[in-house]
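As structure tokens, the structure follows; a few thoughts come after it.
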Amino acid sequence: MDKQEHNKKESYPKSYWQVMNRLFGIIAAALLAAYFLPDVPPKVREHAYSYLVTVIQIWTFIVALPWLIGKLWSNRELIKVRLLRNRSPKLSSQDRMLSVSVSGATASMSGERSAIMGKGGLPAAALIEPLTALPINPNPHPRSALTMNTAGAAISTALQLAEFAVEEDVTVLNVEAGPVLQIVSFQLPPKVQLSKLASKKDDIANHLGPQLGFDVTAAKDFKSAASFVIPHDIQDRAFVYMRDIAQEFLGFSSKAVLPVIFGKDIRGNPILYDLAKMPHLLVCGATGSGKSVFVNTLLTSLTSVRTPDEVKLLLIDPKQVEFGIYKGLPHLLTAPVTDMRKAIKAFGNVITEMERRYELFASTGTRNLSSYNLKHPQDKLPSIVVVIDEYADLMLVAGDVVEDAVQRITQMARAAGIHLILGTQRPSVNVVTGTIKANLPSRVTFKLPSPKDYMTVLDRGAPKLLGFGDGVCMVQGGDLQRFQSATISITDGEDTGFIERLIKHWKGMGSVKSASAQEWTIEDDELSSSQLKYAVAEEEEVPWEVPDDDGQVKLKVPSNARSSSSEGDPYDQALEIVYREGGFSVSTIQRELRVGFSTAASWAEKMMEAGIIGPFDQEKKWRPLLQKNERTEEELLDQLRKYICETKSTRTSELREQLSIRKEKVSELMQQLVQEGMLDSPTSTRAGYTIAWTEDQIQEYLSSIGDD
Ligand SMILES: Nc1ncnc2c1ncn2[C@@H]1O[C@H](COP(=O)(O)OP(=O)(O)OP(=O)(O)O)[C@@H](O)[C@H]1O
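Numbering (UniProt numbering), first residue to last: 1 to 708.
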């Protein structure tokens, strides 16, 4: 509909009220004319007067009063809010304060969401170092926003242009302006349903102006109402700096184990979470969407209020650009890991550490990190936060291993105080797999290339995000919450300057034993590309048990805490399990044989090289037994003869490993070779088989099989 047509339509009466008003107006005008015109006989004038009074009375009862009652009824929500606001303006700010502490307390009591939602609610306290070094926001408030007066007309016009039958300006109930977005809540016009608005949201956005980031939601606090989430124009947006929320964050940090800043919600309230309760996090976002800024905010907020003895970080950075600035921070277990092979070993080490902690808890009668630390105040263990900037790179190299490791860490590490933050800019189904999602119900996403990507990450649709830190978070699979991520600063150099000061601050603290934090060296030993597929950190000591300058041991864990099966050959037992189960599952092998992740993974490596098992099956979560590649007895005998002739070795363990078959099978085959005359049987239980063939016979055999 064009504007002219629209105006033409406006000149016709629109509703019952307008028709009646016009009718009564015409009658009243005629009666007034009869009363005031000269030369009208007095009798007629008298009648005109009494008719006029009657007409006004009828109009009052059948038009004016019903209209007034209707208006009051349709605006009842707005009137309620206005009356409440006017009655106790001071109380409402106290209420807000209460809601801050109440929501925080509820969160910690219920152990569920521990977000603080409230404007500057906590009592003011002096900021502590290093928070005082946070840069100050030059632009903390949005420059312009819709008002109660301007919003109604703008929304009505947009609805009419989107072909909704809206006859008057909508009644605006509330306008809230956050840093990047504003929320306009309004009474739903008659016959307009929220679901219809939502289904036409692209059209409405188009008429309102914002191309991106517009959303339609149910109105909070109002019945039969809707809210439009409308982005401010780009030049009018405010920034959210960590400094803006530092005061609230300080208060929150006294209640949380691993407090982190997210940013501000769309109403401008701080969003703070306890990572320990999340307890792991998946962070997605296309390149340039604000993912790295967000991860830096998580890391710097956490390490601003937690000492290196309370929290250790393992930073894995395959892109080699993101975490370099943290080098030297005493919270680091080791320098940021950029080498993929080391990253996979580091993963293995984290799992070993987790297993050790479980053993430690079992041996000390404690259930988890917090109860262990309570019982051993002199020997506390720190929480460990593992951050992988781009885990898709690791998935490319060793998808199954990463998935297995993630599964194990996410399922068990909460009690052990180990938390995972996985970042990716490639949220395809191959990267954000079902396993990853099932184990990471807390997710954050920033702008993604397509609606399909939001579905992949969040399992539901999300508003198209704006970029520049406009994000959506979902905690423990709960509702989506839109927020603007906080940043240290948007000015070049101020963010790195703050991190440098953070490092200096902790290094300068007398009680911090930075030496222990830097000692976790991951050896760069030779790993073949196939070995790379597994965390082959073969049961190595995790060198975190390094005494500090004062001889006190940090991260102390008993070295005998490691478990492994000593009855029989564990590799043989693993093979038996694989044949029994029809495939190789790292977690089954670990559980049944009580071996570490890296051992199980290296056995999978051997079995795969020997053609016993195939590639990882995403659906079944294991490596299937390769039935079609099963070798015949004759093929096995050929392999055995060849190996013995080439190496002159008849050691059962060597042959078993070479052929990747069970010990009993090797003995069976050796017996056949004895019958053939190639071998002599052992002369005692301790002696092995010996070669019966002469050197000439051996050479003759080798030349007969050639290079096969
Ligand atoms: N919270 C924020 N507030 C203001 N600007 C932001 C915010 N987050 C990001 N930006 C802007 O967006 C730019 C890109 O952000 P960032 O480097 O975090 O992107 P990214 O998603 O990590 O991309 P990549 O993966 O390519 O590094 C920043 O340089 C900054 O200008």
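Think of the CB as a built atom: it goes at the ideal place given N, C-alpha and C, for glycine as much as any other residue.
Closer than 7 Å: residue i CB and nearest ligand 2 heavy atom
i: Gln484; result: Summarising the ligand content, the structure contains ligand 1 and does not contain ligand 2.
One or two residues paired with residue i in a DSSP bridge
i: Asp470; result: Gln484
i: Pro135; result: The partner list for Pro135 (beta bridge, DSSP) is empty, contrary to what the question assumes.
i: Leu281; result: Ile421
i: Leu314; result: Val386
i: Val257; result: None, per the DSSP bridge assignment.
i: Ile230; result: Gln182
i: residue 710; result: Examination of residue 710 is not possible in this model, given that the chain is present from 1 through 708 alone.
i: Tyr241; result: Thr487
i: Glu176; result: Ile183
Cβ pair residue i, residue j closer than 8 Å
i: Val321; j: Val385; result: no
i: residue 722; j: Val175; result: Look at the range of the chain in this structure, 1 to 708, and you will see that residue 722 is not part of it.
i: Ile204; j: Ala162; result: yes
i: Ala276; j: Ser442; result: no
i: Phe498; j: Thr300; result: yes
i: Leu480; j: Ala286; result: no
i: Ala346; j: Ile325; result: no
i: Leu258; j: Ile128; result: no
i: Gln484; j: Lys264; result: yes
i: Met340; j: Leu394; result: yes
i: Ile155; j: Val170; result: yes
i: Ala151; j: Leu208; result: no
i: Ala600; j: Gln590; result: yes
i: Ile490; j: Asn296; result: no
i: Ser587; j: Arg460; result: no
i: Thr424; j: Glu390; result: yes
i: Pro142; j: Asp236; result: yes
i: Leu272; j: Phe252; result: yes
Nearest residue (CA-CA) to residue i, options the options
i: Phe239; options: Ala362, Val595, Asp470; result: Asp470
i: Ala29; options: Ser15, Tyr51, Tyr16, Pro42; result: Tyr51
i: Pro140; options: Asp389, Ala486, Asp309; result: Ala486
i: Thr445; options: Lys642, Val457, Pro451, Val55; result: Val457
i: Asp617; options: Leu23, Glu403, Thr647; result: Glu403
i: Arg662; options: Tyr571, Gln425, Asp638, Thr364; result: Tyr571
i: Val472; options: His331, Phe262, Ala177, Ile344; result: Phe262
i: Asn137; options: Gln57, Gly213, Pro42, Ala246; result: Ala246
i: Glu700; options: Pro682, Thr683, Met678; result: Met678
i: Ile698; options: Ser681, Leu659, Ile644, Ser653; result: Ile644
i: Pro427; options: Ala438, Tyr454, Ala405; result: Tyr454
i: Leu314; options: Val260, Ile388, Phe252; result: Ile388
i: Arg45; options: Leu32, Gln57, Thr599, Thr54; result: Leu32
i: Gly478; options: Met509, Leu440, Pro463; result: Leu440
i: Ala218; options: Glu592, Leu194, Gly611, Phe252; result: Leu194
i: Pro451; options: Glu695, Leu212, Ala145, Ala64; result: Leu212
i: Ile56; options: Trp67, Val40, Pro135, Phe24; result: Phe24
i: Ile613; options: Thr632, Arg594, Glu581, Leu636; result: Glu581
i: Glu657; options: Pro615, Asp569, Ala48, Asp400; result: Asp569
i: Phe214; options: Lys220, Asp221, Ser199; result: Ser199
i: Val192; options: Leu173, Gly178, Asn206, Glu167; result: Glu167
i: Gly583; options: Gly611, Gln235, Trp506; result: Gly611
i: Arg22; options: Val63, Leu593, Lys380, Leu131; result: Val63
Any non-hydrogen atom of ligand 1 within 7 Å of residue i CB
i: Phe468; result: yes
i: Gly290; result: yes
i: Gly251; result: no
i: Ile490; result: yes
i: Phe239; result: yes
i: Phe446; result: yes
i: Gln481; result: no
i: Thr647; result: no
i: Thr496; result: no
i: Gln320; result: no
i: Val387; result: no
i: Val429; result: no
i: Gln160; result: no
i: Gly268; result: no
i: Gly285; result: yes
i: Val293; result: yes
Determine, using beta-carbon pairs with one atom in the region 340–358 and one in the region 414–434, whether at least three such pairs fall under 8 Å. The region 340–358 makes contact with the region 414–434; the number of CB pairs closer than 8 Å reaches 3 or more.
Pairs of beta-carbons, one from the region 368–378 and one from the region 433–442, closer than 8 Å: are there three or more? no
Okay, do the region 462–476 and the region 298–318 touch, 3+ Cβ pairs below 8 Å being the bar? no
State whether the region 186–196 contacts the region 225–233, with contact taken as three or more CB pairs (one from each stretch) at a distance under 8 Å. yes
I want to know whether the region 665–685 touches the region 634–654 - three or more CB-CB distances under 8 Å. yes
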